[in-house]
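**Student:**
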Amino acid sequence: MRRAARARLAADTALLVTAAAFAVPLLWLVLASVDAEADLRLRVPASVTADNFDAVLTDEITFTPMLNSLLLCGGATVVSVVCAALAAYPLSRHRSRWGRSYLLTILFTTCLPITAIMVPVYGLFVQVDLIDTTYGTALFLATAQLPFAVWLMKNFMDGVPVVLEEAAWTDGASNLQTLTRVVLPLMGPGVTVVTIYTFIMLWGNFFVPFMLLLSPEQLPASVSIFTFFGNYGSVVYGQLAAFSMLYSAPVLVLYILISRRLGGGFALGGAVKG
Amino acid sequence: MSASRTGWWRWVPLAPATILLLLFLAAPIGYCVWIAFTDTQLTGQSGAEFVGLDNFRRAFADDDFHNAVRLTLVFTFVSAIVGQNTLGLALAGLMRAASRPVRTLTGTLVITAWVLPEIVAAFLLYTFFRREGTLNAILDWLHLPSQNWLYTLPILAVSFANVWRGTAFSMLIYSAALSEIPREVTEAAEVDGASGPRRVRYIVLPMIRRSIGTNLMLNTLSTLSVFGLIWAMTRGGPGNRSQTLPVFMYDQAFLKSLIGYGTAVALLLLLVGSLFSVVYLRLMKVEP
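Residue numbers (our numbering), protein chains in the order written: chain W, 1 to 274; chain F, 1001 to 1288.
1) Compute the distance between the beta-carbons of I1259(F) and V119(W), then report whether it is under 9 Å.
2) Taking the alpha-carbon positions, what's the F53(W) to I225(W) distance?
3) Using the three-state DSSP reduction, which class does T77(W) fall into: helix, strand or coil?
4) What separation, rounded to the nearest whole angstrom, lies between the Cα atoms of F156(W) and T49(W)?
5) Should S1195(F) be labelled buried (16 or more other beta-carbon atoms within 10 Å of its own) or exposed?
6) Can you find the residues in the same chain that come closer than 8 Å, C-beta to C-beta, to A11(W), ignoring five residues on each side of it along the sequence?
7) Taking the C-alpha atoms as reference points, what is the distance between T1214(F) and N1067(F)?
8) If you draw a straight line from the C-alpha of L1269(F) to the C-alpha of S1222(F), how long is it?
9) Answer with buried or exposed for Q218(W), where buried requires no fewer than 16 other C-beta atoms within 10 angstroms of its C-beta.
10) From what residue to what residue does the alpha helix (DSSP H) around D12(W) run?
11) Check the Cβ of L67(W) against every Cβ in chain F and list those closer than 9 Å, keeping chain order.
12) Here's a check: name, in chain order, each residue in its chain whose Cβ is nearer than 6 Å to the Cβ of N1148(F), leaving out the five neighbours to either side.
13) Is the beta carbon of E1118(F) sitting closer than 9 Å to the one on S222(W)?
14) Give the interface partners of T18(W) over in chain F, defined as CB-CB distance under 7 Å, in chain order.
15) Count the other C-beta atoms from every protein chain shown that fall within 10 angstroms of the C-beta of Y89(W), then say buried if there are 16 or more, exposed otherwise.
16) Return the chain-ordered list of same chain residues with a C-beta closer than 8 Å to the C-beta of L1205(F), the five sequence neighbours on each side being excluded.
17) Look up V48(W) in the DSSP assignment and give the residues it is bridged to.
18) Can you find a CB in chain W that lies within less than 9 Å of the CB of M1249(F)?
19) Give me the Cα-Cα distance between L176(W) and A168(W), rounded to the nearest whole angstrom.
20) If we ignore side chains and look at the alpha-carbon of each, how far apart do L1169(F) and A1027(F) end up?
21) Exposed or buried, what is F63(W) when buried is set at 16 or more other beta-carbons lying within 10 Å of its beta-carbon?
22) Quick one: what's got a C-beta closer than 8 Å to L1053(F)'s C-beta in the same chain, skipping five residues either side?
23) Report the three-state DSSP secondary structure of F1050(F) (helix, strand or coil).
24) What number of angstroms, rounded off, separates the C-alpha of V1279(F) from the C-alpha of F1077(F)?
25) Kindly list the residues whose CB is nearer than 6 Å to the CB of A1122(F), restricted to its own chain and excluding five residues on each side of it in sequence; keep chain order.
26) Beta-carbon of T109(W) versus every beta-carbon of chain F: anything under 9 Å?
27) Rounded to whole angstroms, how far is the Cβ of G1273(F) from the Cβ of L124(W), which I believe are closer than 8 Å?
28) Report the option in T1108(F), L1023(F), R1057(F) whose CA atom is closest to the CA atom of P18(W).
29) So V160(W) contacts chain F; which residues on that side make the cut at Cβ distance below 7 Å?
30) Can a CB atom of chain F be found closer than 9 Å to the CB of G204(W)?
31) Could you tell me if V1120(F) is buried or exposed, where buried requires 16 or more neighbouring beta carbons within 10 angstroms of its beta carbon?
32) Cβ of N52(W) less than 9 Å from any chain F Cβ?
33) Please identify the residue among S248(W), S80(W), L16(W) whose C-alpha is closest to the C-alpha of A1015(F).
34) Going along chain W in order, which residues have a C-beta closer than 9 Å to the C-beta of F1128(F)?
35) Tell me the rounded alpha-carbon separation between T1263(F) and L130(W).
36) Compare the C-alpha of S47(W) against each of G238(W), F243(W), L67(W) and name the closest.
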């Protein structure tokens, strides 16, 4: 065998072994969701059924938590993206020592372990009566994601040439008009990436709503799924798998939509992945 | 109109973001510093006494705190530094030599594990490691001894879960870094007779040094704040054998109602995180 072919075979084998290790838990999820007698072990179902999905597609288990997630994460995403777009504009367009320090602070904040401040946040929320409110939780989520959104947005905005804005300024447009009518439309794909990425990160966030929301009817899917498999004596694994699939589907679809643009050079994504 | 592009108020669009950051990040951090020095037992409790460094002294004398620090070090070292980082680099490297379908398949699976919500990932790995779970089924089939992983080796089980969930990020960073190495450089070394390992050691690794630094730092920082994954898989148990600092903090502040003490632990975690961030920014020499 030629050397290149041998190297390829070795690489393929090693990758397939790793792929199998990553696939097993995912395969369990898919197979258990259509298996009426699913247990903890990966196995091919005796017969394929939609019963698990039927059982969880109720207001209480699926629709209410998913709607809560949508309100919570959707609201937080809008706040985060709007604030990030506004903030990115001067940071991208004006050079100054001041803007540089601001950006460094933002980058520093991106790296902080947000988990660590949940105890004081809980305390503050109790004191100012924001505890157990969807909007309070959404505002905190928006802020937690904000530094990264600003950073990403600024990088996309840097790619839009200033010449076009200068034309708009000459015609008497204000800064805000230039931003909304000229810059943002030109960086449409960039704004989409920031929005979807922010939403994906918030959708999977567990700790923040787990701490700040208390009433069961307000809980998003990330927390309700936890109570689902954490507190019940006997868990119906098939149903839990079905619900996990439903809960994961939106982010998987959104990720596929933006994955080409994120590509390999997406260098800072992990700073906030926890 | 032109004043808005020269005067101080061209910075006004920063206001909404800044207000949010001050209210919801800076204020809690300030509050964190305050309650860490009091004996607050319950949230919103009035009249909590200032106790100085008592909470910190208590932490340094507390065996459970030492245990949490030790486990955090193990968890971070095993899952972030060795696991995510090395596996991510290996995957990115192997992908350059592998055939296209294998590359696509592996990439898709690894990234799917990353995109899944934290609790779903925790739940999947929980079923994988349970006594009746898939891992033991595979071991039985291979005639190898099975065991109750979440009971006997909880910290390794959650570390593996974190590798499963977090490797995609390293893989993406290293794929980008490796694709920037000019082919001529490695080919020249090959012509000169440098073996595979030697080419990696003397050419590839030095050329992606910056990416390695960035990746190690970001992996470390995100692993320091992992809570949901561990909490959902083991609740920090059995006993306290998978109780890393975030779990310990939660346990002290909420389950034991020692808000002051829990916050002191949070503050220490925040300090460690800040230290890493500063080092990281220094290393990156960021030029915004």
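Positions of the beta carbon are idealized from the N, C-alpha and C atoms, including for glycine. In this text, all values refer to a predicted model and were calculated from it rather than measured experimentally.
**Tutor:** So, from the listed chains and residues:
1) Taking the first residue of the second sequence as 1, we reach residue 1259(F) at position 259. Taking the first residue of the first sequence as 1, we reach residue 119(W) at position 119. Yes, they are a contact pair.
2) The residue given as residue 53(W) occupies position 53 in the first sequence. The residue given as residue 225(W) occupies position 225 in the first sequence. If you take the alpha carbons of F53(W) and I225(W), they lie about 14 Å apart.
3) Reading the first sequence from its first residue, position 77 is the one you call residue 77(W). T77(W) falls in the helix class under three-state DSSP.
4) The count along the first sequence starts at 1 and reaches residue 156(W) at position 156. The count along the first sequence starts at 1 and reaches residue 49(W) at position 49. Going by the C-alpha atoms only, they are around 46 Å apart.
5) On the second sequence, position 195 is the one that residue 1195(F) refers to. The residue is exposed, with fewer than 16 neighbouring Cβ atoms inside 10 Å.
6) Here residue 11(W) corresponds to residue number 11 of the first sequence, with the count starting at 1. No residues qualify anywhere along the chain.
7) As a working mapping, residue 1214(F) is identified with position 214 in the second sequence. As a working mapping, residue 1067(F) is identified with position 67 in the second sequence. Near 28 Å, if we compare the C-alpha coordinates of N1067(F) and T1214(F).
8) On the second sequence, residue 1269(F) is found 269 positions in, with the first residue counted as 1. On the second sequence, residue 1222(F) is found 222 positions in, with the first residue counted as 1. Cα to Cα, the separation comes out at about 12 Å.
9) Sequence index remark: in the first sequence, residue 218(W) carries index 218 (1-based). Buried.
10) Mapped onto the first sequence, residue 12(W) falls at position 12. Element bounds for D12(W): 3–33.
11) Position 67 of the first sequence, counted from the first residue, corresponds to residue 67(W). Those within 9 Å of L67(W) in chain F number zero; the least Cβ separation is about 16 Å.
12) Residue numbering aside, residue 1148(F) sits at position 148 when the second sequence is read from its first letter. Cβ within range, chain order: R1131.
13) Sequence index remark: in the second sequence, residue 1118(F) carries index 118 (1-based). Sequence index remark: in the first sequence, residue 222(W) carries index 222 (1-based). Contact flag set, yes.
14) Taking the first sequence and counting its residues from 1, one reaches residue 18(W) at position 18. Ordered by position in chain F, the residues that pass the 7 Å Cβ test against T18(W) are L1091, T1106.
15) Here the question's residue 89(W) lines up with position 89 in the first sequence. Buried is the call here.
16) For this step, residue 1205(F) is matched to residue 205 along the second sequence. Once the five neighbours on either side are set aside, the close Cβ partners of L1205(F) are I1212.
17) Locating residue 48(W) in the first sequence gives position 48, counting from the first residue. Answer by DSSP bridge pairing, in chain order: D35(W).
18) As a working note, residue 1249(F) is residue 249 in the second sequence. Chain W contact via Cβ: present.
19) Taking the first residue of the first sequence as 1, we reach residue 176(W) at position 176. Taking the first residue of the first sequence as 1, we reach residue 168(W) at position 168. Whole-angstrom Cα-Cα distance: 11 Å.
20) Counting from one through the second sequence, the residue named residue 1169(F) turns up at place 169. Counting from one through the second sequence, the residue named residue 1027(F) turns up at place 27. The question names Leu, but residue 1169(F) in the sequence shown is Phe. Their Cα atoms are separated by approximately 31 Å.
21) Taking the first sequence and counting its residues from 1, the one referred to as residue 63(W) is at position 63. Result: exposed.
22) In the second sequence, counting from the first residue as 1, residue 1053(F) sits at position 53. Closer than 8 Å at the Cβ level, and outside the excluded window around L1053(F), lie F1037.
23) Here residue 1050(F) refers to the residue found at position 50 of the second sequence. Three-state result, F1050(F): strand.
24) Stepping through the second sequence from its first residue, residue 1279(F) is reached at position 279. Stepping through the second sequence from its first residue, residue 1077(F) is reached at position 77. Cα to Cα, V1279(F) sits roughly 18 Å from F1077(F).
25) To locate residue 1122(F), count along the second sequence from 1; it is residue 122. L1229, A1232, M1233.
26) The sequence position of residue 109(W) within the first sequence is 109, counting from 1. Interface residue, yes.
27) The residue you call residue 1273(F) lines up with position 273 of the second sequence. The residue you call residue 124(W) lines up with position 124 of the first sequence. The Cβ separation is near 19 Å, so there is no contact.
28) Residue mapping note: residue 18(W) aligns to position 18 of the first sequence, counting from 1. Note on identity: in this sequence residue 18(W) is Thr, with Pro being the wrong assignment. Checking every option, the nearest Cα to that of T18(W) belongs to T1108(F).
29) Stepping through the first sequence from its first residue, residue 160(W) is reached at position 160. Near V160(W) there are no residues of chain F at all, since even the closest Cβ is about 16 Å away, more than 7 Å.
30) Start at 1 with the first residue of the first sequence, and residue 204(W) comes out as number 204. At least one chain F Cβ lies under 9 Å of G204(W).
31) Counting from one through the second sequence, the residue named residue 1120(F) turns up at place 120. That one is buried.
32) Looking up residue 52(W) in the first sequence gives position 52. It does not: the Cβ of N52(W) has no partner Cβ on chain F nearer than 9 Å.
33) Sequence index remark: in the second sequence, residue 1015(F) carries index 15 (1-based). When each option's Cα is compared against that of A1015(F), the closest is S80(W).
34) Here residue 1128(F) refers to the residue found at position 128 of the second sequence. In chain order: V24, P25, W28, L40, L42.
35) The residue labelled residue 1263(F) in the question sits at position 263 within the second sequence. The residue labelled residue 130(W) in the question sits at position 130 within the first sequence. Going by the C-alpha atoms only, they are around 20 Å apart.
36) In the first sequence, counting from the first residue as 1, residue 47(W) sits at position 47. Among G238(W), F243(W), L67(W), the Cα nearest to that of S47(W) belongs to G238(W).
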